[in-house]
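First comes the structure, then the notes that go with it.
There are 2 protein chains.
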Amino acid sequence: MQLDNHILNQFLSPQKSNRLEVETLIKKVINQLLDFLSNASEKPTNPALKYLNTAHFKIPEFSQTHNEIQKNLQELYDLSMNPANPKYIGHMDSMPTLWSVIGDFIASALNNNVLSLEMSPYITQLEYSLTKQFASLFALPETAGGVMLSGGTLSNLQALLVARNTKLNIKNGNIFSLKKEPVIFTSEHSHSSIQKIAMMIGIGTDNVIKIKTDINSKLDICDLEIQINAQIKIGKNPFAIVATAGTTVSGNVDPLIEVSKIAKKFDLWLHIDAIYGGAVIFSEKYKHIIGGVEQADSISFNPQKWMYVAKTCSMVLFKDFSKMVENFRISAPYMKEQNSYINLGEINVQGTKYAEVIKLWLSLQSLGKDGYEKLIDYSFYLAEEFEKEIFKRPYLKMTSKPEMNILCFRGEPQNIKADNFDKWNENLQQYLLKQTDFFLSLPKYKNGLWLRTVLLNPFLTIEHIKTLFLNIDNYEKNQSVNKTTH
Amino acid sequence: MQLDNHILNQFLSPQKSNRLEVETLIKKVINQLLDFLSNASEKPTNPALKYLNTAHFKIPEFSQTHNEIQKNLQELYDLSMNPANPKYIGHMDSMPTLWSVIGDFIASALNNNVLSLEMSPYITQLEYSLTKQFASLFALPETAGGVMLSGGTLSNLQALLVARNTKLNIKNGNIFSLKKEPVIFTSEHSHSSIQKIAMMIGIGTDNVIKIKTDINSKLDICDLEIQINAQIKIGKNPFAIVATAGTTVSGNVDPLIEVSKIAKKFDLWLHIDAIYGGAVIFSEKYKHIIGGVEQADSISFNPQKWMYVAKTCSMVLFKDFSKMVENFRISAPYMKEQNSYINLGEINVQGTKYAEVIKLWLSLQSLGKDGYEKLIDYSFYLAEEFEKEIFKRPYLKMTSKPEMNILCFRGEPQNIKADNFDKWNENLQQYLLKQTDFFLSLPKYKNGLWLRTVLLNPFLTIEHIKTLFLNIDNYEKNQSVNKTTH
């Protein structure tokens, strides 16, 4: 029995036999993709949604030709979100660095498994080294280290699992065995993954105590202390605080130093969700914004956001790495024990893992710390100019004082009733998308709808921002005219 | 303020300005990678481990040249695990399909976010459709559907979370609020992730009840019923059984139909871990091996293994998709509600997610169901030939009767004391690796060390297997000679 060549040619032969054909195919497909992406500015930021039924994606009985596959790929490109267009400023998703895309090709082709040192001898060491260096960039002590994971929810998950196991002294994870009901504290503007994680780790969403925030979306320290005392009084067991360095909706930072003092006072685990804001560690000028982050027991951070590494690429860092291992590790019997490195699969929530570290490593090499500093500083520059434009317009209001490159604002024109603000802003968002192709997102914040911009794209300029505001003005004027004429 | 061109050129310009340079760079890097991979048969399966210190991976202050980066890449290639070499037969890791590598390049370059329909309009629909089609391939009912996740542990995690929330009626996930302590049942040979997950979801590792297995590593039905009754008797609350279709060490399948009857009798959730073995659904000849899989409440399956899709690529399927949603969903306030599709981020354990479905989709198109059937059948053919070679040698013993393309065996020569079997086999594994470059893994099974082969590589032939056994014979003879002469 033998496999016929047609099937073998769906793989790169390790015996050179189809190298030329493979190279030709790859070049053809990459060419088609570059045709699309190098013109991304001319393509819609968010193409109109087209519903495709299941039959459209039917798994074929037989092998499709390259031409048929490329036809399907063109449809994928044309109907996908297009964050490479500089007018796409609605979410924490940007175009990726070139080397992170190449890195994904390489990681995939090598197909190593970051489960164990045996199955990824080079990549395991690279991950150990880079997470340690990131811990040091966050000014964590020498004892610190971490692991990489596929997305921020998983990083927050691992942090809170270790917090739970350590502080409640239940390495086996049995919540039922506890004497007192455990509770977590976090601000009302922290990421929704904290709720999901509380459900997942057996704490329960009802045991996430939401702390009030001030007018700038920052956790209110007084309320934090009041709530902790209240929970102790009713017999519950506070064990962790989650503070945020860069909230999802408006990019604000909780008062990290004050929070860390409260954590110490009550002997609570302090997890800092620096998923978004952590990237400011690369900027001498702006890193003070997350000052106090080094007080954390754990920090989660996503290079997949403001470091422009392709999704997914996340990490969680622990002040005391070996204590994390002690309180988390479940050994796998089929993995060979190694002397110098613990198999990464045993000390993270995933097990088998993709080599996401490669694209981070390549992006760091191609840009250097210096390049990242310039990218971050440029984002701040755009945000400052954006804020000035908002200030020029009395009918625009912000959710909070921006601290990063995220601005969340909306129109509250005098001639419109407050009840109609949501509708007015929803229409503005659609007007900008449909008439000018600027994509801003439309989150809910304190029961109202707001326009949100995340100024990430390196090809975004002051000219784009000026054009955007001219269009906002046009909309406002037209609405006023409509208002008076009808 | 402006970003200089050197920084902008680390991205593909959406305004065409660097298209040519980018294309040239990509071709150069891919060329270097193909030079390596198209010669993979000539490169060591598992290169000797080289320890590299942290300084070796120091994050550079400034941008590195392409040549410097390519030099580092060469080191990565030379020191990585090399599953493309057909002699790499030690783990469930093979070379990936060509289109899955191209798919990763595309997914990364588009950088959509499978968090929401808005952020991945095409990909979200593709994932809904493909998971539904896989549910149907597993013969689950019309109500079934699933989600894709980054690795099998996460798929098992989501299944057991939904099992927990549904059967214990705690949608908020609060284990402390339960009246009785929950317990899970699984065989002693199920994957170690079940232990890790029990720790994670607050059940506790001590509440995973390990069921005995028969001489072929299959879960013992009598013991299962005994253990369930025993747990009920001591006041615990059984809520789930995890059965395995393709155990990690020896690829065996639990008696799925009998297990499903027990699950029904005691009203327990039945999760079937078909992470490895699920791929047999593509083979008319062999799919009966996992017959009964359609009785599951949930099934986990990894295309990243026997479907040759690059890591990571996993899915979890539920018999009743809308009930899964009801018992799992945590809504994110910043995400726009959509009419026809639930945002995938709300109904899986990850949130932001990479478009892993693209490489699965492209692999399916390039091979068709037909191509997968041939690949699976070829694996079985190799396994049958491999088993014959073992039978020819009275000094070789197997852990269990192989049911898939995984064979776990060891030498137990008559002239060697049983105490020395482990050493003898460990030396054999090293001999094969160092003298012949065949890589077999060396798992522990019932307190002994065994040699394990996973016959995945499509370029693996009968000739390779014959050569391997000649070498095993050589080793055995030399050991006997040494024994008699010393």
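Chains A and B, in that order, are what the protein sequence lines are. Following our numbering, the numbering of the first sequence begins with 57 at its first residue and continues without gaps. Following our numbering, the numbering of the second sequence begins with 57 at its first residue and continues without gaps. Every residue gets a Cβ at the ideal spot worked out from N, C-alpha and C, and that includes glycine.
Residue i at chain B interface by Cβ criterion, 8 Å
i        : result
A/PRO139 : yes
A/PHE67  : yes
A/LEU154 : yes
A/PRO142 : yes
A/ASP310 : no
A/GLU198 : no
A/VAL157 : yes
A/LYS72  : yes
A/PRO514 : yes
A/THR509 : no
A/ASN128 : yes
A/GLN251 : yes
A/SER456 : no
A/ASP149 : yes
Beta-carbon proximity of residue i to residue j, cut-off 8 Å
i        : j        : result
B/PHE357 : B/GLY201 : no
A/LEU431 : A/PRO514 : yes
A/SER370 : A/GLY159 : no
B/ALA163 : A/LEU89  : no
A/LEU224 : A/GLN214 : no
A/SER94  : B/LYS72  : yes
A/SER306 : A/HIS327 : no
B/ASN212 : B/PRO238 : no
A/LEU173 : B/TYR178 : no
A/LYS409 : A/LEU171 : yes
A/ILE318 : A/ILE277 : yes
A/VAL336 : A/VAL203 : no
B/SER339 : B/GLU429 : yes
B/PRO100 : B/HIS520 : no
A/ALA411 : A/PRO152 : no
Minimum Cβ-Cβ distance from residue i to chain E less than 8 Å
i        : result
B/ASP262 : The chain labelled as chain E is not found among the protein chains of the depicted structure, namely A and B.
Counted within 10 angstroms of its Cβ, other Cβ atoms place residue i as buried (16 or more) or exposed
i        : result
A/PRO450 : exposed
B/PRO197 : exposed
B/MET57  : exposed
B/ALA140 : buried
A/SER69  : buried
B/ASP310 : buried
B/ILE313 : exposed
A/ASP323 : exposed
B/THR269 : buried
B/TYR107 : exposed
Within-8 Å CB hit, residue i to chain A
i        : result
B/THR408 : yes
B/VAL78  : yes
B/MET57  : yes
B/SER176 : yes
Nearest-angstrom Cβ-Cβ length linking residue i and residue j, presumed shorter than 8 Å
i        : j        : result
B/ILE267 : B/LEU280 : 5 Å
B/ASN461 : B/VAL510 : 7 Å
B/ASN383 : B/VAL218 : 6 Å
A/GLN421 : B/PRO116 : 6 Å
A/TRP325 : A/ALA296 : 4 Å
Terminal residues of the alpha helix (DSSP H) in which residue i lies
i        : result
A/HIS327 : Taken as a continuous stretch (DSSP letters only), A/HIS327 belongs to no alpha helix (DSSP H), being part of the beta strand (DSSP E) at 325 to 329.
A/CYS278 : 277 to 289
B/PHE161 : 154 to 166
A/SER378 : 377 to 384
A/LYS453 : Element bounds for A/LYS453: not the alpha helix (DSSP H) but the beta strand (DSSP E), 452 to 454.
A/PHE447 : 413 to 448
Start-to-end residues for the beta strand (DSSP E) that takes in residue i
i        : result
B/PRO294 : 293 to 300
B/VAL218 : Per DSSP, B/VAL218 belongs to no beta strand (DSSP E); it is in the alpha helix (DSSP H), 208 to 223.
B/GLY202 : 201 to 205
A/THR509 : 507 to 510
B/PHE241 : 238 to 243
A/LYS84  : That residue, A/LYS84, is in no beta strand (DSSP E); its alpha helix (DSSP H) goes 75 to 93.
B/PHE374 : 370 to 374
B/SER185 : Unbroken run through B/SER185 is the alpha helix (DSSP H), 177 to 193; no beta strand (DSSP E).
A/PHE357 : 354 to 357
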